[in-house]
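Worksheet: one structure, shown below.
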Amino acid sequence: MRDFFKNTLATVLGLLIFLGLSVSGLLVLVIAIAARDTEPQVKDKSVLVFDLGTNITDAKRSSSTSQALGNALSGNPADETISLRAVLDAINEATRDAKIVGIYLYGNEDSTSGTGFATLKEVREALQRFRASGKKIIAYDVSWAEREYYLGSVANTIVLNPVGSFDFNGLSSETMFYAGALKKFGIGVQVTRVGKYKAAVEPFLLTKRSPENRAQTQQLLNDLWGEFLTAAGKDRKLSVQQLQKIADSRGILMANEALKSRLVDKLAYTDEVIADLKKLAGSDEKTKSFRQVNLATYAKIAETKIDRGGKQQIAVVYAEGDIVSGQGGVGSVGGDRLARQLRQIRQDDDVKAVVLRVNSPGGSATASEVIQREVVLTRKAKPLVVSMGSIAASGGYWISTYSDRIFAEPNTITGSIGVFGIQPNFQAIANANGITWDAVKTGRYADSQTTSRPKNPQELAIIQRSVDQIYDQFLTKVADSRKLTKAKVAEIAQGRVWSGLKAKQLGLVDELGGIDAAIRDAAKRANLGDNWQIEEYPKTRGFAERLFEQLGNDAAAKFGQSGTTPDPLTVQVTKLQSDLTALQSMNDPLGVYVRLPFNFRID
């Protein structure tokens, strides 16, 4: 064992020297690793500090060791990413903790949260419980916007910088269309699809939304915006009509206008907010600021205080990201990998119930079916409840069917029951540059998968037949699992996207609620009483695996970068990169997909 640690340290040191890091960098690394074993402490009368720019994911993304290593290599502050479970546990523990006297929500100009509204709703409800306990919440930002305000509106006191602004103009969804560029560069795209609302292929065919796509997007945004206005208005004691009037007449409000409109309670600078927090929590002699503990640190403390109950377990399994065939990678749901995980859980006698947390726009139809098969088998062995996150649509809905119960938030994006296939070809651009192909084959359709030419009508008919059959299977599965007639499912399918609120009215989901409600339901179905504990899957990887992956993949890319707000051009390029990444995940063996549009975003 001693030789193992000696050899491991020598290897790490060699890698660090190879990457050009100094001895001081190694010391930072060692200190960062050692710090993971230091028990964080909370002083009496402390404030829990919550960065509104924090990205909240379903599953745990990285541990403190991995983060410390990445920060040591890059010189950047910690990447603000934390799991939803950790956030909820931290706020719930802070509600009970006599040492915590308040929560400080603050905007961070250097980070922009991409957290979906359904996830934020669960956090919002936890903050409401905290405030209902009699403890104070103070929220401050230099420039408020809707996503941050969705949480901030819960606060007892909302503060805006005197020279700040308030972006309150509603929600929008802007799609990037590539049809013109593809035509210009000689790239052909042929599609097969079922469902007049299945808009995933429109960016490759059109230059703007189809009327059906525009109608469904408008309805979805109306539902999400309506929930936002209702929630924020209730806490701010403003009607939906008053808030809508502000959005339509002002759009962007300067600080004094936001104050007069009662969107905020006061105008103050950062030092004045800190002074108020000192009155609430007292001053820390070392930092000269108010006594505080940040969310990530306190989440670790909360985790140690959770009563693990008995040996009986409720497995919370996360399906987060694009659904792809095979094992998948970081940020995707590998069909084979998730199926194997469910199979192992089904065979584990200590696991008495399962909660499948779905936060996915869908993807491969084949992988979705592989996962669903294990859902069916697992449900036969033990209760299985689905909790839908911000997006659980298309393939994400496919894998949710046949569960005992489906929970969704009112602002969950779900449905999108439709199928499509996409076949690009590069004949025009290649021919224009002197490239040609010549195929020899032993069967009529032997080269039908080529991208060197467009598909002929017979080949398209074959692909369309596959799409039609899979769509029919999708309808049948939904009808059977949701106890609806197939005609009814066909009526509400067509690839149409629904909000969680509408989905419940249509019978596509059973209950409105978050992951905690789903867990409680699973415990009740398994007759566990209070004698159970949560086990999350997939498990985080070991330290050595994460260490060398971080060194090999991230060090060079991150070294010397700084966290700054991106310029508008960079934002558009990033969106394009995201779309291309989504295209790369299209690896279904049949070339058939059950997925939301690649670039569906809400701003």
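In our numbering, the protein residues as written are 1019 to 1621. Using N, Cα and C, we set each Cβ at its ideal position, and we do this for glycine too.
Going by Cα to Cα distance, which pick from the options is closest to residue i?
| i | options | result |
| --- | --- | --- |
| Ala1385 | Arg1375, Met1406, Ser1412 | Ser1412 |
| Leu1285 | Phe1184, Val1342, Leu1298 | Phe1184 |
| Asp1528 | Leu1070, Ser1421, Ser1466, Gln1467 | Ser1421 |
| Leu1200 | Ala1314, Gln1445, Gly1547, Ala1276 | Gln1445 |
| Ile1431 | Lys1398, Arg1538, Glu1245 | Glu1245 |
| Gln1331 | Leu1261, Ile1319, Val1291, Val1373 | Val1373 |
| Ile1453 | Ala1464, Arg1391, Thr1469 | Thr1469 |
| Leu1224 | Thr1322, Ala1116, Thr1193, Ala1265 | Thr1193 |
| Lys1506 | Ile1533, Gly1125, Gly1525 | Gly1525 |
| Met1406 | Val1219, Lys1061, Asn1429 | Asn1429 |
| Tyr1215 | Glu1477, Tyr1196, Gln1208, Gln1236 | Gln1236 |
| Lys1522 | Arg1500, Ile1440, Trp1455, Ala1508 | Arg1500 |
| Val1060 | Ala1218, Glu1509, Thr1305, Lys1117 | Lys1117 |
| Asp1441 | Asn1449, Val1485, Trp1455, Ala1399 | One detail in the question is off: residue 1441 reads as Gln in this sequence, not Asp. Out of Asn1449, Val1485, Trp1455, Ala1399, Val1485 has the C-alpha closest to the C-alpha of Gln1441. |
| Ala1320 | Glu1553, Thr1113, Asp1534, Ile1176 | Thr1113 |
| Gly1414 | Glu1509, Gln1390, Ser1257 | Gln1390 |
| Ser1171 | Ile1480, Pro1475, Ala1276 | Ala1276 |
Give the straight-line distance between the Cα atoms of residue i and residue j, rounded to the nearest whole angstrom.
| i | j | result |
| --- | --- | --- |
| Asn1312 | Arg1165 | 21 Å |
| Phe1186 | Trp1416 | 36 Å |
| Gly1381 | Val1612 | 5 Å |
| Ala1173 | Leu1066 | 13 Å |
| Leu1493 | Ala1511 | 8 Å |
| Thr1503 | Asp1283 | 52 Å |
| Asp1548 | Ser1301 | 40 Å |
| Leu1238 | Leu1145 | 26 Å |
| Ser1466 | Lys1473 | 7 Å |
| Glu1653 | Gly1513 | Given a span of 1019 to 1621 for the chain in the structure shown, any question on residue 1653 remains unanswerable. |
| Ile1270 | Pro1180 | 15 Å |
| Asn1240 | Gly1182 | 28 Å |
| Ile1292 | Phe1308 | 7 Å |
| Ala1273 | Gly1436 | 46 Å |
| Ala1108 | Arg1254 | 25 Å |
| Gly1347 | Arg1355 | 10 Å |
| Leu1546 | Lys1252 | 36 Å |
| Gly1206 | Val1458 | 23 Å |
| Leu1530 | Ser1228 | 31 Å |
| Ala1218 | Asp1076 | 24 Å |
| Lys1400 | Ala1357 | 16 Å |
| Ile1264 | Arg1483 | 51 Å |
| Gln1310 | Asp1062 | 10 Å |
| Lys1329 | Leu1402 | 19 Å |
| Lys1520 | Gln1234 | 12 Å |
| Thr1072 | Glu1303 | 28 Å |
| Val1369 | Gly1349 | 26 Å |
| Val1041 | Lys1306 | Note that Val1041 scores a pLDDT of 48, beneath 50, so its modelled location is shaky; the value from the coordinates is reported in the next line. So the alpha carbons of these two residues sit roughly 32 Å apart. |
Just checking my contact of residue i with residue j at CB under 8 Å: how many whole Å lie between their CB atoms?
| i | j | result |
| --- | --- | --- |
| Gly1353 | Ile1363 | About 16 Å separates the two Cβ atoms, so there is no contact after all. |
| Ser1408 | Phe1135 | 6 Å |
| Leu1138 | Asp1159 | 15 Å between Cβ atoms; not a contact. |
| Val1119 | Val1141 | About 20 Å; that fails the 8 Å criterion. |
| Arg1013 | Asn1443 | Limits of the chain in this structure are 1019 at one end and 1621 at the other, which puts residue 1013 out of reach. |
| Arg1543 | Ala1371 | 6 Å |
| Arg1423 | Asp1539 | 6 Å |
| Ser1064 | Ala1299 | 6 Å |
| Gly1074 | Leu1102 | In the sequence under discussion, the amino acid at residue 1074 is Ile, which differs from the Gly named in the question. Right, their Cβ atoms sit about 5 Å apart. |
| Leu1261 | Ala1250 | 7 Å |
| Arg1280 | Leu1256 | 6 Å |
Please say whether residue j and residue i have beta carbons closer to each other than 8 Å?
| i | j | result |
| --- | --- | --- |
| Phe1438 | Arg1232 | no |
| Gly1204 | Ile1447 | yes |
| Val1388 | Ala1410 | no |
| Ser1517 | Leu1242 | yes |
| Ile1488 | Ala1333 | no |
| Leu1070 | Ser1161 | no |
| Tyr1168 | Val1335 | no |
| Ile1155 | Leu1123 | yes |
| Glu1338 | Arg1361 | no |
| Lys1296 | Glu1111 | no |
| Thr1419 | Val1496 | yes |
| Ala1536 | Trp1550 | no |
| Ala1163 | Ile1176 | no |
| Phe1195 | Val1209 | no |
Is residue i close to the ligand FMN? I mean its beta-carbon at under 7 Å from any heavy atom of the ligand.
| i | result |
| --- | --- |
| Val1372 | You won't find the ligand FMN in this model; it holds no ligand whatsoever. |
In chain order, which continuous runs of the beta strand (DSSP E) of length 3 or greater are located wholly inside the region 1489 to 1546? Correct list: 1515 to 1517.
For the region 1342 to 1371, which segments carrying the alpha helix (DSSP H) assignment without a break, of at least 4 residues, lie completely within its bounds, in sequence order? With a minimum length of 4 residues, the unbroken runs of alpha helix (DSSP H) contained wholly in the region 1342 to 1371 fall at 1353 to 1364.
Report the residue ranges of all alpha helix (DSSP H) runs contained in full by the region 1128 to 1189; include only those spanning at least 4 residues, in chain order. Along the region 1128 to 1189, the alpha helix (DSSP H) occurs as fully enclosed runs of 4 or more residues at 1135 to 1150, 1164 to 1170, listed in sequence order.
List in chain order: all unbroken beta strand (DSSP E) runs of 3+ residues lying wholly within the region 1277 to 1332. Complete beta strand (DSSP E) runs here, min 3: 1310 to 1312.
Ranges of the beta strand (DSSP E) found wholly within the region 1199 to 1272, counting only runs of at least 3: Here the runs fully enclosed are 1206 to 1212, 1269 to 1272.
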